Amino acid sequence: MKSLLLSRRDLDFLLYEWLKVDELTGRKRFADHSRETFDGVLDLSEQLAERYFAPHNKKSDANEPTFDGQTVTMVPEVKEAWDAFVAADLIGMSMEESVGGAQLPAVVAQAAFAWIAAANVSTSGYLMLTIANANLLTKFGTPEQIETYVKPMLAGRFSGTMALSETQAGSSLADVATRAEPQDDGTYRLFGSKMWISGAEHEITDNIVNLVLAKLPGGPPGTKGISLFIVPKYLVNADGSIGERNDVAIAGLNHKMGQRGVTNTVLNFGDTQFNPGGENGAVGYLVGEPHRGIVYMFQMMNEARLAVGMGAVALGYTGYLKSVQYARERPQGRPLDVKDPTTPQVPIVEHPDVRRMLLAQKAYVEGGLALGLYCARLVDVQHSAESDAEADAAGLLIDILTPIGKSWPSQWCLEANNLAIQVHGGYGYTREYDVEQHYRDNRLNPIHEGTNGIQSLDLLGRKVTQRGGASLAALGQVISETVRAANELGGDGAELAAALDASWQRLVAVTTGMFGSGDIPAVMANSHVYLEAFGHIVVAWLWLEQFVAAAGKDGDFYDGKRQAARYFFRFELPKTAPQLDLLESLDRTTLEMRDGWF
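Each residue of the sequence shown is one higher than the last, beginning at 1 in the UniProt record's numbering.
Encoded structure:
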């Protein structure tokens with residue numbers, strides 16, 4: 001029976017027929033691997049997802065963690081799933097061999113982890129945060145910090161978090177108020193509070209490694225004065241054993257609409273009953289240099305942003321597969337040209353409007369999966385580059401695609417979940433079916449790791465203009481290569497290529513005009529419209545890439561790919577035209593709105 005979590009056939013197409021991931025083994029970094037290695041990890045991840053993660057998805061949603069003032073309690077299956085993932089040695093699957101990782105390509109690791117997220121996005125959150133935490137410390141931590149914290153995380157004994165937001169600051173990290181006071185022994189004592197910190201309290205692991213943004217006395221204002229600290233739940237003794245409790249604890253749990261199975265905490269430093277050595281303040285250890293915390297944290301934030309995008313894809317994808325199955329099995333009504341009420345009812349998949357909703361979902365989730373995997377492959381090219389120029393080219397594309405990789409799936413794969421509910425009709429709105437939970441779980445993704453509004457400011461305010469528009473030009477170059485390849489196919493390929501080329505050229509012209517106006521407030525007031533148009537054009541490009549990869553191949557799978565590409569170009573890409581019109585006009589409607597008018 002085919003999985004209702006993800007489509008392995010689609011993954012194989014995207015990884016091997018399109019991205020040619022097996023060719024990465026020709027690079028020194030991945031030389032110890034093969035397609036057999038990759039397939040084995042994908043097989044194992046699917047098995048773990050089906051056996052350990054999916055079965056408690058609804059249970060952990062209905063029985064969210066509780067806190068009695070001392071201990072967080074959650075359903076035991078969460079730890080069982082953690083332990084199974086750890087036993088499979090997958091936490092470090094894409095990490096450096098030098099620290100005990102398997103050094104698999106990130107694109108394979110993303111595909112493998114998508115199974116876990118599709119099965120249970122809440123439980124997968126503990127793993128995702130731990131992996132990102134370990135990656136940051138591997139890159140910026142000292143050898144001692146790697147030995148003390150990274151290796152236990154890879155072994156599954158410790159877990160990790162990222163502690164950025166504060167109640168008074170939210171996403172405005174320049175206003176972080178948590179402070180770190182230097183001590184004579186080289187450590188720091190932290191005081192403050194963090195909000196919305198996922199995974200910061202539980203009993204799954206022996207220790208929790210919090211990465212905390214805080215300010216040192218006398219540092220420069222704003223984000224340039226922020227430093228990064230390791231603040232563990234328990235101090236670690238010189239021999240690696242667990243020491244005394246650190247002065248960090250939760251004030252309570254936040255109760256969310258979705259993703260209820262992962263703890264979301266209010267975290268206090270230096271305001272608890274725990275006082276290491278009889279002194280107040282949570283013991284922290286500086287990562288890297290003072291005042292460079294934002295630079296370091298962006299390593300984890302950008303990784304988490306792409307992971308959020310892939311999590312959104314996974315939720316959209318499993319909802320899509322479940323709605324396809326439902327539409328095939330649910331008899332209701334008759335074809336419009338059949339008037340005899342005594343004839344048998346037909347499965348609702350036969351109705352054109354249901355097919356429209358299924359086709360839209362397919363276009364969103366398969367387009368989103370292509371986007372996430374393409375970004376991950378860029379990371380692999382950058383990490384295994386054979387020249388500085390190759391690494392730089394990949395980095396330019398990663399920079400401009402990261403806000404799209406986070407925001408587009410979190411908007412449109414959420415819409416896929418919305419359509420999955422609609423396909424189910426009244427049943428879709430009940431807890432007895434999975435799709436209502438998938439929608440609730442996915443609704444978080446446009447918010448966390450930088451709201452989509454923040455991604456729009458990043459894209460338009462920084463990424464498209466950086467280095468004189470180098471990232472925009474780099475993306476234009478790869479799009480033009482796809483256009484040429486599609487033109488060579490003729491027929492539909494040439495038609496789609498022309499539409500994409502026209503949309504891209506218009507976007508570039510509008511971008512130039514917007515900044516040429518000098519009216520930066522009006523430009524940035526329309527950043528979200530820009531993000532949506534940009535994202536849809538990018539995903540249209542990735543659908544054209546898939547159309548080219550499927551060229552000349554027969555069968556239902558390839559026919560479905562081609563039809564989904566046609567759908568995206570005929571139903572979705574045209575939506576960008578009025579958006580580009582609005583952007584070109586530098587509309588000031590929202591900018592000129594006043595508080596008192598609401």
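Yeah, the Cβ is synthetic: ideal placement off N, Cα and C, and Gly gets one too. Bear in mind that the values here come from a model prediction, so they are computed numbers and not experimental data.
Which residue marks the beginning of the beta strand (DSSP E) containing residue i, and which one marks its end?
i	result
M162	F158 to A163
P182	R179 to P182
L457	Looking at the DSSP string, L457 is not in any beta strand (DSSP E); the run it does join, the alpha helix (DSSP H), is N452 to D458.
A174	A174 -> no beta strand (DSSP E), and no H or E assigned at all.
Check the DSSP bridge columns for residue i and list the partner residues they point to.
i	result
V72	F67
I250	L267
L211	M162 and I230
Y285	I230
residue 624	Outside the displayed range of the chain (1 to 598) lies residue 624, so it cannot be described from this structure.
Would you give the residue range spanned by the alpha helix (DSSP H) that residue i belongs to?
i	result
S198	No alpha helix (DSSP H) holds S198; the beta strand (DSSP E) holding it covers Y188 to S198.
Y320	G293 to E329
D43	R35 to L48
D83	E77 to A87
Y439	V435 to N442
G469	Q466 to L489
Y126	V121 to F140
N57	N57 to A62
M153	K151 to L154
P290	No alpha helix (DSSP H) holds P290; DSSP gives it neither H nor E.
Beta-carbon within less than 6 Å of residue i's beta-carbon, same chain only, minus the 5 sequence neighbours each way: which residues are those?
i	result
I400	K463, S471 and L475
Q361	Y320, A416 and L419
G219	G225 and H291
W82	I204
G311	A117 and V121
M74	P65
G560	none
K59	V75
Assign residue i to one of three DSSP states: helix, strand, or coil.
i	result
L4	coil
G560	helix
V346	coil
residue 604	Here the chain has residues from 1 to 598 only, and residue 604 is not among them.
F571	helix
R9	helix
E244	strand
N418	helix
S227	strand
L500	helix
V262	coil
L586	coil
V99	helix
F113	helix
K339	coil
M257	coil
G222	helix
E545	helix
G333	coil
L19	coil
Which word fits residue i, buried or exposed, when buried means at least 16 other C-beta atoms lie within 10 angstroms of its C-beta?
i	result
G552	exposed
F598	exposed
R328	exposed
Y429	exposed
F571	exposed
G1	Gly is not the amino acid found at residue 1; the sequence shown has Met there. So M1 ends up on the exposed side.
L336	exposed
H255	exposed
F298	exposed
P232	buried
A389	exposed
E20	It should be noted that the sequence gives Lys, not Glu, for residue 20. Per the 10 Å Cβ criterion, exposed.
A180	buried
E488	exposed
Q103	buried
E449	buried
Q273	exposed
Leaving out the 5 sequence neighbours to the left and right, which residues in its chain are closer than 7 Å to residue i when beta-carbon positions are compared?
i	result
V529	Q579, L582 and L583
T590	A525
W18	E545, Q546 and A549
Y296	L136, F140, L228, V287 and G288
A167	The question names Ala, but residue 167 is Thr in the sequence shown. Excluding sequence neighbours, T167 sits near S193 and M195.
P347	A327, R328, E329, R330 and P331
T576	S503, A533, H536 and I537
Measuring from the CB of residue i, is there a heavy atom of the ligand MG at a distance below 6 Å?
i	result
G192	With respect to small molecules bound, the structure shown includes none, and the ligand MG cannot be examined in it.
Might you give, ordered along the chain, the residues of its own chain that have their beta carbon closer than 8 Å to the beta carbon of residue i, omitting 5 neighbours on each side?
i	result
T325	Residue identity differs from the one stated: residue 325 is Gln in this sequence, not Thr. Closer than 8 Å at the Cβ level, and outside the excluded window around Q325, lie L4.
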